[in-house]
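Engineer: Sequential numbering of the sequence shown, starting at 1018, is according to my numbering.
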Amino acid sequence: MDPEPDPSPSAGVPSPEATPPSRGLGTKLAWGALVALPLHVLLLWASRSAPETVEAVYGKGLFPVISAIDARLDRLLSPLSPALVYLALLLGGVAWSVRRHAQPKRRFAWRLLIAAVVVAHFFPLCWGWCYWRPPVLERKGISSAPPLRAELEATGTLLGAAINRARVEWPDDPDWEDLDRRVDAAVLAFLRAEGLDEAARSRQIRFLPSGVMYVGGWTGITIPWTTEGWVDPALDPRILPVSIAHEKAHQAGFARESDANLIAFLALLRSPDPDLRYAALFDLAPLFGAQVPVVLAPAVVQDLVQAAAREEEVEVKVVRAATEVVYDSYLKANAVEPGIDDYDIVARRVQAWLKARPDDWARLEAIAAGR
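1) Mind listing, in chain order, the continuous alpha helix (DSSP H) runs of no fewer than 4 residues lying wholly within the segment 1132-1173?
2) Are there 16 or more other CB atoms within 10 angstroms of the CB of Trp1048, so buried, or fewer, so exposed?
3) Would you be able to state if there are at least three C-beta pairs under 8 Å between the segment 1163-1178 and the segment 1222-1231?
4) Using 10 angstroms around the beta-carbon of Tyr1347, count the other beta-carbons present and answer buried if the total reaches 16, otherwise exposed.
5) Report the CB separation of Ser1066 from Ala1216 in whole angstroms; it is logged as a contact under 8 Å.
6) If we count the other Cβ atoms within 10 Å of its Cβ and call it buried at 16 or more, is Gly1212 buried or exposed?
7) Could you tell me if Asp1190 is buried or exposed, where buried requires 16 or more neighbouring beta carbons within 10 angstroms of its beta carbon?
8) Measuring straight from C-alpha to C-alpha, what distance separates Cys1147 and Ala1339?
9) Can you give me the start and stop residues for the beta strand (DSSP E) that Ile1222 sits inside?
10) Let me know the secondary structure DSSP gives Gly1237 once reduced to three states.
11) Can you grab the Cα-Cα spacing for the pair Pro1038 / Lys1045, in whole Å?
12) Leaving out five residues before and five after Ser1064 in sequence, what residues of the same chain have Cβ atoms less than 6 Å from its Cβ?
13) Do you know how far the Cα of Arg1220 is from the Cα of Pro1315?
14) So within the segment 1032-1092, which uninterrupted alpha helix (DSSP H) runs reach at least 4 residues, ignoring any that extend past its ends?
15) Please give the ranges of any alpha helix (DSSP H) in the segment 1174-1225, keeping only runs that are unbroken, at least 4 residues long and fully inside the region.
16) Span of the beta strand (DSSP E) holding Gly1246?
17) With DSSP collapsed to three states, give me the class of Phe1271.
18) Counting only the same chain and skipping the five closest in sequence on each side, list residues whose C-beta sits under 8 Å from that of Lys1077.
19) Within 10 angstroms of its Cβ, does Val1343 collect 16 or more other Cβ (buried), or is it exposed?
20) For Arg1389 versus Leu1286, is the C-beta spacing smaller than 7 Å?
21) Taking C-alpha atoms, which residue in His1263, Arg1255, Ala1100, Asn1351 lies nearest to Val1318?
22) Nearest-angstrom Cα distance between Ala1133 and Phe1140?
23) Between which two residues does the alpha helix (DSSP H) holding Arg1337 run?
24) Taking 7 Å as the limit between beta carbons, can you name the residues of its chain near Arg1199, skipping five residues before and five after?
25) Does the separation of the CB atoms of Ala1004 and Pro1258 fall below 7 Å?
26) With DSSP collapsed to three states, give me the class of Ala1316.
27) Pop quiz: Val1336 and Gly1233 are said to be a contact at Cβ under 8 Å. What is the actual Cβ separation, rounded to whole angstroms?
28) Taking buried to mean at least 16 other C-beta atoms within 10 Å of its own C-beta, is Pro1099 buried or exposed?
29) So, for Ile1357: in the same chain, excluding its five sequence neighbours on each side, which residues have a beta-carbon less than 7 Å away from its beta-carbon?
30) Taking Cβ positions, are Ile1131 and Leu1298 nearer each other than 7 Å?
31) Determine the extent of the alpha helix (DSSP H) in which Tyr1103 is found, giving its start and end residues.
32) Quick one: what's got a C-beta closer than 8 Å to Leu1304's C-beta in the same chain, skipping five residues either side?
33) Taking the alpha carbon of Val1135 as the point to measure from, which residue in Arg1092, Val1058, Val1353 has its own alpha carbon closest?
34) Applying the criterion that 16 or more other CB atoms from any shown protein chain within 10 Å of the CB defines a buried residue, is Pro1250 buried or exposed?
35) I'd like to know whether the C-beta atoms of Pro1152 and Asp1276 end up nearer to each other than 7 Å.
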């Protein structure tokens, strides 16, 4: 005899355990972000050959908007760091989303992976495209051809006379907030005068606990996703204004280290403050001195010795070597062909600028003459 059919409504319906879970919209978006990441990287790499397009679309259009938003959020969250706030929210959101999952470790790893992918997508949008913009000299129509030896020697001679005349005494512990305000004004004034201020905003620099970055030889950093600047106050106070100005140039969208160094030097050189002018010359003199003779007064030499000794007190050479290898690879992957050596190219950039801009050459002559 055949068994009678089960009259219950659930007859023939598979149990919940047998029904495969459907992928929700969030899972589909997560997979989309994961699959799209290589395509995004490819698009970024392809843009390397089209700096004018990047400048017109991103540099002139999108980044100034991002910069304005970052500046507003920076002021809103101050004195907290926007980057640390966002990181805490991101990790908190990931932890909250997996709290009731049957396999919390597996779900946490998956959500953390997707969060990392989303952060990676935001890197070029918030900052990474800045590396593909034309360099400052190109934007200003100034040739970046290697200078003649005679030109470098003439600049080295003038630079030595200017720094010897410009020397001032620096306090061991300057007023950081006042220094930040004065450097900010100098950088903004330079960028406005040169028509490079489309994304320039008045931004405060945050100071890390002394020695945190300088242990690896780094004086400052700009967080790519929030364009907030951090500076380590462990470095010599005569170099501190240049480091602040360098990070402010990054905040304005100048990603290349040689561009940030060039802007820092010229902004401080044009400053009405004698201590900022001396800081600019003090930072540049060793870079020129590595190529051509730069005759320095004993007091300036002593300042350089003290700055070097201060660095050696904090720096750990193994840490510096490791971080330089990592950062060199990072720069080369972002269209900066010289890698870590891009920092030292500033001497050639300054030479090209002074050759094309007699008004700034005249400023150096006036400083050297004590005017």
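Glycine included, every Cβ here is placed at the ideal spot set by N, Cα and C.
Structural biologist: This is what the structure holds:
1) 1153-1156
2) exposed
3) no
4) exposed
5) Their Cβ separation, rounded to whole angstroms, is 23 Å, which puts Ser1066 and Ala1216 out of contact at 8 Å.
6) exposed
7) exposed
8) 25 Å
9) 1222-1224
10) strand
11) Interpretation of Pro1038 is limited by its pLDDT of 47, a score under 50 that renders its predicted location unreliable; the figure taken from the coordinates is listed afterwards. For Pro1038 and Lys1045, the distance between alpha carbons rounds to 13 Å.
12) Val1071, Trp1149
13) 37 Å
14) 1042-1063, 1068-1071
15) 1193-1210
16) 1246-1248
17) coil
18) Glu1215
19) exposed
20) In the structure as shown, the chain begins at 1018 and stops at 1388. Residue 1389 is therefore absent and cannot be evaluated.
21) Arg1255
22) 11 Å
23) 1334-1350
24) Asp1290, Leu1293
25) Nothing can be reported for residue 1004: it is not among the residues displayed for the chain, which extend from 1018 to 1388.
26) helix
27) 4 Å
28) buried
29) Glu1341, Tyr1344, Asp1345, Leu1348
30) no
31) 1099-1114
32) Asp1361, Val1363, Ala1364
33) Val1058
34) buried
35) yes
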